[in-house]
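Read in order, the letters of the sequence shown are residues 28 to 733 in our numbering.
For every residue, glycine included, the Cβ atom is placed at its ideal position computed from N, Cα and C.
Treat the numbers as computed from the prediction; the structure is a model and nothing was measured.
Presented below is the structure to which this report refers.
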Amino acid sequence: MIPLSTIMFFIGLVIGLITPTHSTATELSTAANNLSPGKWAKLSSPPASFFRQNSSLTTLDAMGEGTWDPITRRVYFLAAARFGTNKLHVYDDATNSWREGGRIPGYPGVNWGHGYYHNAIDAGSGTLGYINLKPSVTKLYQFSIRQTISTANTWQLVSTTSNSGNVAEALVYFPERGTWVIADGTTGNIREYNPDTDKWGVITRKSSCFGPKSGAYHTFAVYLPLRGELAFGGGNTSSGPLHSRWCTVDDSGTAVQRPDAPSPLHVNAGHQTGTIIAADPGSGDLLVLTNKGKFHAFDFLTNRWGTVNDVGRPGKFNNSSKNIANSVVIPISTYGVVMYIKAVTSNPEVWIYKHSQGGSVPAPPSPPPAPPSPPPAPPSPPPAPPSPLPPGDQTVAINFQPLSAKTPAGFLKDDGSVFNATRGYGWSTRVNTRNRNRSNDQALDTLIHFDKGASVTWQYTLPNGQYHVSLASGDPSWPQGPHHVQVEGITVINNVSTKVNEFVQISNHLTTITDGQLTIRLTRPNGTSKKTILNFIRIAPVGSTPPPQPPPPPPGRAIAINFQPASAAVPSGFIKDDGSVFNASRGYGWSTRVNTRDRNYLNNQSQDTFIHFDTGNAVTWQYTLANGQYLVSLASGDPSYVQGPHHIVVEGQTVINNMTTQVNEFLTITDFPVTVSDGSLTIQLTRNGGKTKTILNFVRISPVGG
């Protein structure tokens, strides 16, 4: 469950109770917004004394990742050299300055120092977390980052529990679970502290994520905000080897082992092969900068590692000998860049790197110039809201996107703002927007989603009457869903999940407006990372542009329907069905939204694509037909997986009776005779529950005698 403090923070943000601390462009924002992907920029640096621990060490000795708070727009991390005095480091974007915050009393003393991956942030509640790991005790401390920064002690000891014996484990905050999580390489456990229940537990046990055997320390753990998951693993043992293994874990506790990294993954602590690791806030890639001058990125879309082709990497991060010793990395989500700091006992350097175009926001505007004398004429009145759509007028299209993103031709822009009567449309609460920069279709490349609460609504002011509504749900970059979308109280997308670059598209859904507003409602499982996506909406008054009418087949001719994703190639001679709900205007569709797949395995596209369903025991498909006699042909199978048992009924007659298919094996029914007497051909698919699937690749319908 997401903590109440987090929910209340975001509610406060929406209604204006919490605002950023400044409104002018800063050195960081200007540098970030002037960067193109693959480039570096240098910022002003603090004096050498700020990071100096003693004559030979800095506080960034054996450091991992720092944190960024998007509300105060500050960097925070606690660090110390081994056996040195700890210090809270604070960077303020507004003033481009560094200062010291309060220390944890008595730590480290004779115990271990270093920052490792011990810092984590809960931006929702405004809390910085830090773990002090002694040989037998874990202590979790918290610091309120929204308070006035001072050198006085304002840290709170939150919880104490037993420790596996290592001092170099990794801490991260998991917003989807509302917990502080420790990646414990010694035991192979991912354990968590729940502040709501004041209890410790284990999310998952996965010692293989830390290398060939447990016992690893100097491990890493980072939060992946674009995936709602954690990445963790790596480390080393006292006698070696260094580990390149790592995993991700989602909010359900499901861990997935990822391809080994090209370099060992662990905090630099005297080893020349150390690394600093962070999630890029724009693309979501995992960035790994090594102590050998190598720069790697893991692309979750392809599940592969690659080499970063950056330009202008500073020499202090680009040599082949301990180039990341005394360094820290901080993802800056507000500007879509990553900050790298190198601190030696003299001349520390602060740099930012932009890996991807996505994720950044425009720099805050500069203050307006003083008014001239005499004062200028009063400004023109604000533009009128979009004209309501009278019956017979043209379609209006609304694209959901960040304010700074390009608006597709023919669309109005919605940046996720709350409903405004003057504008005529908007949301019940502020929602998140994304521009993926992955698709050439800008209407599908941009989207909204929401992370707090079970539902949100979107409204558009309209005269009462009948309209056709078209919309899309999906994400070019990430699997999403299950999506659940209602139009005027009618479910049009019913808990359907989409893969990367897969979209659920609803076309020409007929709806009636009786209260002067079109209302779209998005829901999701509350308290989880699951997301319902909305890319765009088109609204057309009935009679403005007649929707396409594909039904019934011409006399004497067959009609063929291929079941496939909307974006897949349509086989020659077929009509596309993308799993949408039945629509009377279109003339065919399903009783509920079903899943589509394109395996990209066979040259025969009508067998390479198919539908299946995961929810419920039965679904039906209908095609509007004149009453009469027909011959029906169909196929059931999967080129890539064993499927079934399949069970298919056509007009009340079983044609496939609980039969299983092997990989690339298909059950084909040819010219099965049926009689249509109610104006629709009906095909029912059933399954036995669990994970078994009934597949349908295509259907051909031929009038008898045709």
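- Assigned with DSSP and collapsed to three states, Q689 falls in coil, not helix or strand.
- With a cut-off of 8 Å on Cβ pairs, the region 155-165 is in contact with the region 188-206, counting three or more such pairs.
- CA-to-CA, the gap between I566 and L549 works out to about 17 Å.
- With fewer than 16 other Cβ atoms from the protein chains shown falling within 10 Å of its own Cβ, R173 counts as exposed.
- Closest by C-alpha distance to I547, out of T518, E203, V677, V659, is T518.
- With contacts defined as CB atoms closer than 7 Å, G363 and G443 fail to qualify as a contacting pair.
- If you look at S56, you'll find it in the alpha helix (DSSP H) that goes 54-61.
- Beyond the five residues adjoining it in sequence on each side, V445 comes within less than 8 Å, by CB distance, of V41, G453, W454, S455, T456, R457 in the same chain, given in chain order.
- Setting aside the 5 residues that flank it on each side, R204 is surrounded in the same chain by D278, each with a C-beta closer than 6 Å to its C-beta; the list follows chain order.
- Your pair L198 and A147 checks out as a contact, with CB atoms roughly 5 Å apart and the cut at 8 Å.
- By the Cβ-count criterion, N113 is buried, with 16 or more other Cβ atoms from all chains shown falling within 10 Å of its own Cβ.
- A448 has its alpha-carbon roughly 54 Å from the corresponding atom of P730.
- Here the alpha carbons of L545 and Q493 stand approximately 10 Å from one another.
- With respect to the 7 Å criterion, L313 and T302 are not classified as neighbours on the basis of their beta carbons.
- Counting only runs of 3 or more residues that sit fully inside the region 587-619, the beta strand (DSSP E) segments are 601-604, 615-617, in chain order.
- A Cβ-Cβ separation of about 13 Å leaves S663 out of contact with T697 under the 8 Å criterion.
- Put simply, the backbone Cα of T329 is about 47 Å away from that of A653.
- With contact defined as three or more Cβ pairs closer than 8 Å, the region 687-702 and the region 602-622 are not in contact.
- Counting only residues of its own chain and dropping the five nearest sequence neighbours on each side, S704 has a CB closer than 7 Å to the CB of N654.
- By alpha-carbon distance to Y250, the top candidate from T224, I176, S360, G262 is S360.
- Judged by DSSP in its simplified three-state form, K557 adopts coil rather than helix or strand.
- Straight-line measurement puts the Cα of S234 at about 10 Å from the Cα of W273.
- When secondary structure is reduced to three states using DSSP, F327 falls in the coil class, being assigned neither helix nor strand.
- By the Cβ criterion, the region 167-182 is in contact with the region 148-155, since at least three pairs of Cβ atoms, one from each stretch, lie closer than 8 Å.
- C-alpha of Q634 to C-alpha of I722: approximately 10 Å in a straight line.
- One alpha carbon belongs to N535, the other to T709, and they sit about 22 Å apart.
- Non-local C-beta neighbours of F110 in its own chain, meaning closer than 6 Å and more than five positions away in sequence, comprise G140, ordered along the chain.
- Taking the CA atoms as reference points, T246 sits about 7 Å from F259.
- Each residue's CA atom was taken as its position, placing G280 and L629 some 35 Å apart.
- DSSP places L84 in the coil class of the three-state scheme, outside both helix and strand.
- Distance between D641 and Q591, taken at the CA atoms: about 16 Å.
- Our two residues, D472 and P64, have alpha carbons roughly 18 Å apart in a direct line.
- Annotation for F77: the continuous alpha helix (DSSP H) segment containing it runs 75-78.
- Per the Cβ contact rule, the region 365-381 is in contact with the region 84-97 (3 or more Cβ pairs under 8 Å).
- DSSP places L708 in the strand class (E or B) of the three-state scheme.
- By the criterion of a C-beta distance shorter than 6 Å, W648 is surrounded in its chain by W617, I710, once the five residues flanking it on both sides are discounted.
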